[in-house]
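K.L.:
Reading the sequence shown from the start, the letters are residues 17 to 295 in our numbering. Every residue gets a Cβ at the ideal spot worked out from N, C-alpha and C, and that includes glycine. Note that the coordinates shown come from a computational prediction; the quantities given were computed from them, not determined experimentally.
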Amino acid sequence: MRETIDLPIGVFDSGFGGLTVLSSLVEQMPNEDFVYLGDTARAPYGPLSIAEVRANALEGLDHLVSFRVKALVIACNSASSAVLRDARERYDVPITEVVLPAASRAVAATRNARVGVIATESTINSRSYEDAFAIAPRITLTTQACPRFVEFVERGVTGGDELLAVAEEYLESMKKAQVDTLILGCTHYPLLSGVIGYVLGNSVTLVSSAETCASSTYAQLTQANLLRHQPREATHTFLTTGDAGNFHGIGRRLLGGLVTNATTVDIQKEKDNVPAGHV
Ligand code: DGL
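1. Do the CB positions of residue 31 and residue 60 come within less than 8 Å of each other?
2. For residue 263, which of helix, strand or coil comes out of DSSP?
3. Please work out which residues of its chain come closer than 8 Å, Cβ to Cβ, to residue 290, disregarding the five sequence neighbours upstream and downstream, and give them in chain order.
4. Going by DSSP, what residues sit across from residue 50 in a beta bridge?
5. Using the beta-carbon count (16 or more within 10 Å), is residue 247 buried or exposed?
6. Look up residue 112 in the DSSP assignment and give the residues it is bridged to.
7. Using a 10 Å radius around the Cβ and a threshold of 16 neighbouring Cβ atoms, would you call residue 78 buried or exposed?
8. Could you name the residues of the same chain whose beta carbon sits closer than 8 Å to that of residue 264, not counting the 5 residues immediately before and after it, in chain order?
9. What are the partner residues of residue 198, as DSSP defines its beta bridges?
10. For residue 96, tell me which candidate among 25, 117 and 57 has the shortest Cα-Cα distance.
11. Under a criterion of Cβ closer than 5 Å to any non-hydrogen atom of ligand 1, which residues qualify, in chain order?
12. Tell me, to the nearest whole angstrom, how far the beta carbon of residue 88 is from that of residue 69; I am working on the premise that it is less than 8 Å.
13. Expressed to the nearest angstrom, what Euclidean distance is found between the alpha-carbon atoms of residue 192 and residue 58?
14. Assign residue 121 to buried or exposed, taking buried as 16 or more other Cβ atoms, counted over all protein chains shown, within 10 Å of its Cβ.
15. In the DSSP assignment, what residue or residues form a beta bridge with residue 161?
16. Quick one: does the C-beta of residue 199 sit closer than 7 Å to a heavy atom of ligand 2?
17. What's the call for residue 24, buried or exposed, on a 16-neighbour Cβ count within 10 Å?
18. Span of the alpha helix (DSSP H) holding residue 8?
19. Have a look at residue 18 and residue 271 and give me their C-alpha separation to the nearest angstrom.
20. Which whole-angstrom value is the C-beta distance of residue 129 and residue 101, which I expect to be below 8 Å?
21. Quick one: Cα of residue 260 to Cα of residue 266, how far?
22. Taking the alpha carbon of residue 258 as the reference point, which residue from 37, 36, 48 and 76 has its own alpha carbon closest?
23. Determine the burial state of residue 29: buried for a count of at least 16 other Cβ atoms within 10 Å of its Cβ, exposed for fewer.
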């Protein structure tokens, strides 16, 4: 039986965006093994109802837990917004998510107490960031759904006139509200920090929920004495509910060499645990 510290960390996302979180996790914890599950067959989660996101995400997290993991990372803002409380009660491993760490970094970063959040429709509708900021009543929060951003990133488009025009439109409310700190409250958005920073200018601090989630995971594992210390060749396993070749291709395009393999799994039949495809 493997010691708990030797087990991998499970990372869940609706699809590809969580790879930005994984990239930060690997940067901060290079000796850890990771199993990443992207529910690409049912993505994007952004336009789904909270109940649908919740049901899908719990199925995905259950699947990861069936592998024996020492910790779970909900690397998706929409899923974090929908399941955080349930997940903490349902699993007996440390769980990190993307909403609370980003909120707490933004509270520390803002100088004028005006913070913005951009995210998918399901995250904005869940009001999860309003809940997260309830402990900081001095902060004025402005939120904005940016549904088209995900589509640009998945097409590999991170610049150009069309994206710039869409970004100007989405970020207008942030300019009006004079936010000095903006949470990139969707896993895809760190890949658009170029255009977002260009539109808002240097005086606005961008908080990446990917990076803050990785720091929070590091802290939790350290406190639980579950962090590997010895340098080693770590493994990264990629599972998708969609087409493995497609996951591999888009994953490599978005985050280069990080995605080295992909296996299709049917998480609705996870008890059978039979991979349906492999690259
Ligand atoms: N991962 C999702 C999030 O962070 C973005 C992609 C989707 O809509 O599924 O909200």
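P.N.:
The structure says:
1. Taking the sequence shown and counting its residues from 1, the one referred to as residue 31 is at position 15. Taking the sequence shown and counting its residues from 1, the one referred to as residue 60 is at position 44. Between residue 31 and residue 60, the C-beta spacing is below 8 Å.
2. Taking the sequence shown and counting its residues from 1, the one referred to as residue 263 is at position 247. Helix.
3. Translated into the one-based positions of the sequence shown, residue 290 becomes position 274. Below a pLDDT of 50, predicted positions are generally treated as unreliable, and residue 290, at 42, falls in that range; the measurement from the model is reported next regardless. Non-local beta-carbon contacts of residue 290 in its own chain, meaning distances under 8 Å to residues more than five positions away in sequence, involve 282 in chain order.
4. The count along the sequence shown starts at 1 and reaches residue 50 at position 34. DSSP lists 25 and 252 as partners of residue 50.
5. Position 231 of the sequence shown, counting from 1, holds the residue named residue 247. Burial call: exposed.
6. By one-based count along the sequence shown, residue 112 stands at place 96. Beta-bridge pairing links residue 112 to 89.
7. Numbered from its first residue, the sequence shown carries residue 78 at position 62. The residue in question, residue 78, is exposed, as its Cβ has fewer than 16 Cβ neighbours within 10 Å.
8. Along the sequence shown, read from residue 1 onward, the residue named residue 264 stands at position 248. Closer than 8 Å at Cβ, skipping near neighbours: 254, 275, 277, 278 and 295.
9. The sequence position of residue 198 within the sequence shown is 182, counting from 1. Answer is 132 and 222, bridged to residue 198.
10. Along the sequence shown, read from residue 1 onward, the residue named residue 96 stands at position 80. Ranking 25, 117 and 57 by Cα distance to residue 96 puts 117 first.
11. Those residues are 30, 33, 59, 60, 61, 62, 92, 93, 94, 136, 166, 202 and 203, given in chain order.
12. Position 72 of the sequence shown, counting from 1, holds the residue named residue 88. Position 53 of the sequence shown, counting from 1, holds the residue named residue 69. In this structure residue 88 is not in contact with residue 69, their Cβ atoms being roughly 16 Å apart against a cut-off of 8 Å.
13. The residue you call residue 192 lines up with position 176 of the sequence shown. The residue you call residue 58 lines up with position 42 of the sequence shown. Roughly 35 Å between the two C-alpha positions.
14. Your numbering for residue 121 matches position 105 in the sequence shown. Counting Cβ neighbours within 10 Å, residue 121 comes out buried, since at least 16 surround it.
15. Within the sequence shown, residue 161 is the residue found at index 145, counting from 1. 135.
16. Among the ligands in the structure shown, ligand 2 does not appear; only ligand 1 can be found there.
17. Sequence index remark: in the sequence shown, residue 24 carries index 8 (1-based). Taking all protein chains shown into account, residue 24 has 16 or more neighbouring C-beta atoms within 10 Å of its C-beta and is therefore buried.
18. Shown here, the chain extends from 17 to 295; a query on residue 8 therefore has no answer.
19. Here residue 18 is taken as the residue at index 2 of the sequence shown, counted from 1. Here residue 271 is taken as the residue at index 255 of the sequence shown, counted from 1. Straight-line spacing of the CA atoms in residue 18 and residue 271 works out to 31 Å.
20. Here residue 129 corresponds to residue number 113 of the sequence shown, with the count starting at 1. Here residue 101 corresponds to residue number 85 of the sequence shown, with the count starting at 1. Incorrect: roughly 27 Å between the Cβ atoms, too far for contact.
21. As a first step, residue 260 is located in the sequence shown; it is residue number 244 there, counting from the start. As a first step, residue 266 is located in the sequence shown; it is residue number 250 there, counting from the start. Rounded to the nearest angstrom, the two C-alpha atoms are 10 Å apart.
22. Here residue 258 refers to the residue found at position 242 when the sequence shown is read from its first residue. Of 37, 36, 48 and 76, the residue nearest in Cα terms is 76.
23. Walking along the sequence shown from the start, residue 29 turns up at place 13. Buried.
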